[in-house]
Each structure stands twice: as C-alpha cells, then as structure tokens.
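Enquirer: Residue numbers for the sequence shown follow the numbering used here, beginning at 122 and rising by one.
Using N, Cα and C, we set each Cβ at its ideal position, and we do this for glycine too.
In this text, all values refer to a predicted model and were calculated from it rather than measured experimentally.
Below you'll find the structure I mean.
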Amino acid sequence: MEVKGNNTNNINYPLRKENILSAFCNQFEPMWSDFATFGFSPFKHMYTSCWMHSRQKIQVKNDNDTKTMIIQGVDDNGMLVATDINDNNTLYTLHPDGNSLDLMKGMIYRKQ
C-alpha cells in the first residue's frame with residue numbers, strides 16, 4: 122500500500138515502511154550518539170518543553186508517612202524533582218526504584 126504524504130517543501134513522496142524507518146533512523150542515530158556520550162542532559166529542555174506535570178501536587182507515600190509535594194520538573198538524569206509543600210527550600214529527587222507513579226491519582230507509592 123502506498124500513501125501520499127508531503128514534506129515541508131510540499132513535494133509529494135510515497136509514504137512506505139522503508140521511508141518511515143529511514144526518516145526515524147536519520148533522527149534517532151545522532152540523538153542516540155549524544156545520549157550515549159552526554160546522557161539525558163542535552164535532551165532535558167526538549168523533554169521539559171513537552172512536560173505537563175510541573176507544579177502538579179502529588180502525594181508521596183512511604184511505609185509510615187505521606188507527604189504532599191509539588192513537582193518542579195526533572196533533573197539532568199530524568200528523575201522527577203519535587204518540593205515538600207511545607208518546605209519549598211529543599212528539592213527532593215524521586216527515584217522510581219521500588220515505587221509506582223500514578224499521576225491520575227497524583228500519588229507515588231511503594232510497589233506492593
């Protein structure tokens with residue numbers, strides 16, 4: 122099956138699997154090389170420009186306590202960064218190891 126699409130120059134070209142894969146690889150390969158060399162840091166701005174959870178209130182539960190926190194963004198490793206609603210001066214990095222994130226409920230909790 123061949124579908125016609127267009128690029129920014131309004132030139133029609135066939136939209137085939139091999140064209141899609143080629144376009145993906147042309148974008149992905151240099152990004153992968155940058156990621157392997159520099160880590161998440163070069164992509165942080167691009168990622169956070171699409172980020173929709175900044176300033177969202179969440180509940181962080183541990184074994185015997187629940188804290189209300191506000192998501193501030195992500196750090197250079199891609200981990201969530203939040204502040205305690207009662208202490209805006211301290212940033213907390215929220216690691217996923219052993220935790221689940223449910224943004225629909227606004228909750229981070231230890232996996233059962």
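Measuring CB to CB, does N207 end up less than 9 Å from T187?
Expert: Result no, Cβ atoms of N207 and T187 do not sit closer than 9 Å.
Enquirer: For my contact list, D197 and S162 are in at a C-beta cut-off of 8 Å; report their separation, rounded to the angstrom.
Expert: Confirmed, about 5 Å.
Enquirer: Which residue's Cα is closest to the Cα of M200: C146, M152, W153 and W172?
Expert: The residue with the shortest Cα to Cα distance from M200 is W172.
Enquirer: If we count the other Cβ atoms within 10 Å of its Cβ and call it buried at 16 or more, is A203 buried or exposed?
Expert: So A203 counts as buried.
Enquirer: Who are D205's beta bridge partners in DSSP?
Expert: DSSP lists M190 and D208 as partners of D205.
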